[in-house]
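In my numbering, the protein residues as written are 130 to 484.
C-beta atoms are modelled at their ideal positions from N, C-alpha and C, and glycine is treated no differently.
For reference, the structure is listed below as structure tokens.
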Amino acid sequence: MKTNRFLIILLLISSILTSSCSKKKGDIVPDDMDIDLSDAISVPDLEKKAFIPGDSIISGRDLYQRLRTLIYVGDQAGTLLNNYLSELNQYEISGPKIFTYFGDQDGKIKSVIVDEQVSYNNQLWDYSLTVTDAGNPAMRIYWNVNPREAIAIFSPQGMNSNTVFMKNAIVYIEYSESASLFDKTMLITISNMDVSSPGNMSKLKMFIGLKDGVAHIYGNTIHPEDYLINESLTISRSWAFKAKNDLIRDIAVAKCALPPSATTADGMLNLWDDYSMDKILEQEIKTVYPGIPQQDLVNYINSAKGRAYFIGSQGFISNDTDVPENDGFTPAFIDLSGIAEPWVPKEVFEMTVSF
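Structure representation (structure tokens):
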């Protein structure tokens, strides 16, 4: 009996020590400012096969798979931020402080200044933290402890000069755990992304609100030279989307429109009709292949109609009225009417992010 009690005490002590190691007592830097989406709606672009000149006609399935790679960029911005926070949490920041450290990823000296009671964006924040690399701003964070809310601006290259992902981008994230309708929210804005290749995304603005394990998502991307089938038919286009992602079941539902980047508020009135994915895809197929048989055309655009449904790493499963036989795809879950509309493309096209 004494032996059992001793073992129980040891296990309790071990548990306490383990939990305390993840974040040192007194640290004030947030250790989590992310909503991590699941594979169903967020995957890296590993293939790029459907967007290379010379490929065969693509379908709605291909376009919706591409949407997952665009959402992934915004999703990963939060992951990057969490990585930077984890790196800083090694240094026991418990209040105002000035220090330097060597970056975990690039080994370069970073300078850090931590202040308290700082005003930014017409709001008083409990703390701010600034990281510079060779005198250039790499990251700034403003945050309140309770309830947890923060604004972060960072340069992936400034934080890690070896980075390839979003190398020249500037990222702005608003994070909050005090929103009335959600458990936590994120607003992710990114500019200055690489547009050296046709189809690349230059800017992204995306909202994620998490409620009871379901992420509510809407946003826009900007592509200065976007094309669907043929690189000679590039236009400046916005991908405007809204989606839901059940993080536990790893399923998602989404719909996407493809308006020009110059679209104004007036053009948003009939966004889902005038610029629906199936309508824009049909127009481009007819332009590139004017003699295509009608049935072949229908086969390509059918999977671009209405909402799209996604499951796990497989991604796109079906669309429109063909709802998957999965308990998670309830009428309430696939209903996207309660999610806010994407932003006006022209406004996202003109936005800038800077320190």
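Residues in its own chain within less than 8 angstroms of residue i by CB, not counting five upstream and five downstream?
i: V274; result: I157, D255 and Y256
i: P327; result: E354, D355, Y356, E360 and T363
i: D165; result: D204, G207, T208 and L376
i: A308; result: T314 and G338
i: F311; result: G338, L339, K340 and H345
i: W401; result: K384 and A386
i: M480; result: T318, S320, K332 and K334
Taking the alpha carbon of residue i as the point to measure from, which residue in the options has its own alpha carbon closest?
i: F336; options: S326, E354, Y347 and G328; result: Y347
i: I351; options: S309, G203, N399 and K226; result: G203
i: W272; options: S447, G396, I187 and Q246; result: Q246
i: G189; options: E470, I222 and I409; result: I409
i: P282; options: T259, S290 and N289; result: At residue 282 the sequence reads Ile, which differs from the Pro that was named. With distances taken between Cα atoms, I282 lies closest to T259.
i: N212; options: T292, L400, I430 and N455; result: T292
i: D449; options: T392, L398 and L465; result: L465
i: N349; options: D191, I186, R195 and V473; result: V473
i: V324; options: F311, L310 and A298; result: A298
i: L398; options: R195, E470, Q423 and T261; result: E470
i: G435; options: Q443, S447, Q424 and D262; result: S447
i: R195; options: N329, N455, D395 and G467; result: N329
i: A267; options: N428, V241 and E454; result: V241
Helix, strand or coil, according to DSSP, for residue i in the structure here?
i: D244; result: strand
i: G348; result: strand
i: K237; result: coil
i: K177; result: Residue confidence is low: K177 scores 48 on pLDDT, short of 50, so the model does not pin down where it sits. Its coordinate-derived value is still stated next. Reduced to three states, the DSSP call for K177 is coil.
i: L316; result: strand
i: M268; result: strand
i: I337; result: strand
i: F462; result: helix
i: E360; result: helix
i: A433; result: helix
i: D395; result: helix
i: F311; result: coil
i: R378; result: coil
i: R366; result: strand
i: N273; result: strand
i: I280; result: strand
i: P158; result: Sequence check: residue 158 is Val here, not Pro. Coil, per DSSP.
i: D355; result: strand
i: P389; result: strand
Tell me which same chain residues have a C-beta within less than 6 angstroms of the C-beta of residue i, skipping the five on either side of it?
i: I380; result: A169, I440 and G457
i: K296; result: Q286
i: D375; result: V343 and G457
i: Y193; result: A437 and F445
i: T318; result: Y301, K334 and V482
i: V243; result: I222, P225, K226 and L258
i: D305; result: Rather than Asp, the amino acid found at residue 305 in this sequence is Ser. Answer for S305: E278 and T314, listed in chain order.
i: F478; result: I351 and S390
i: T393; result: K475
i: G264; result: none
i: G232; result: K239
i: Y249; result: Y271
i: S331; result: M322, V324, I351 and P353
i: L316; result: E303 and F336
Our contact map puts residue i next to residue j with C-beta atoms below 8 angstroms; I'd like the distance itself, whole angstroms only.
i: A383; j: A372; result: 4 angstroms
i: K239; j: T229; result: 7 angstroms
i: E303; j: I280; result: 5 angstroms
i: I421; j: I187; result: Incorrect: roughly 13 angstroms between the Cβ atoms, too far for contact.
Return yes when the C-beta of residue i is under 7 angstroms from any heavy atom of the ligand ADP, and no when it is not.
i: R269; result: With respect to the ligand ADP, the structure offers nothing, as it holds no ligand at all.
Kindly indicate the opening and closing residues of the alpha helix (DSSP H) around residue i.
i: D407; result: M406 to V417
i: F294; result: Counting along the chain, F294 falls outside any alpha helix (DSSP H), and DSSP gives it neither H nor E.
i: E476; result: P474 to E479
i: L400; result: L400 to D403
i: Y220; result: Premise fails: Y220 is in no alpha helix (DSSP H) and is neither H nor E.
i: Y429; result: Q423 to I430
i: P285; result: P285 to M288
Could you spell out where the beta strand (DSSP E) holding residue i opens and where it closes?
i: R195; result: Run containing R195: none in the beta strand (DSSP E); it sits in the alpha helix (DSSP H), G189 to L217.
i: I468; result: Looking at the DSSP string, I468 is not in any beta strand (DSSP E), and its letter there is neither H nor E.
i: I227; result: K226 to F231
i: Y438; result: A437 to I440
i: G89; result: A question about residue 89 goes unanswered here, because the residues of the chain that appear run from 130 up to 484.
i: D456; result: Taken as a continuous stretch (DSSP letters only), D456 belongs to no beta strand (DSSP E), as it is neither H nor E.
i: D255; result: Q252 to D262
Give me, in chain order, the residues of the same chain whose beta-carbon lies closer than 7 angstroms to that of residue i; leave out the 5 immediate sequence neighbours on both sides.
i: V452; result: Y438, F458 and I463
i: P173; result: T198 and Y201
i: S167; result: N374, L376 and D379
i: S171; result: R197, I200, Y201 and D204
i: D403; result: none
i: S290; result: D235 and K237
i: L426; result: E411 and I414
i: L210; result: M162, D163, A281, F283 and I302
i: L387; result: R366, W368, Y404, M406 and I409
i: D262; result: K237, K239 and G287
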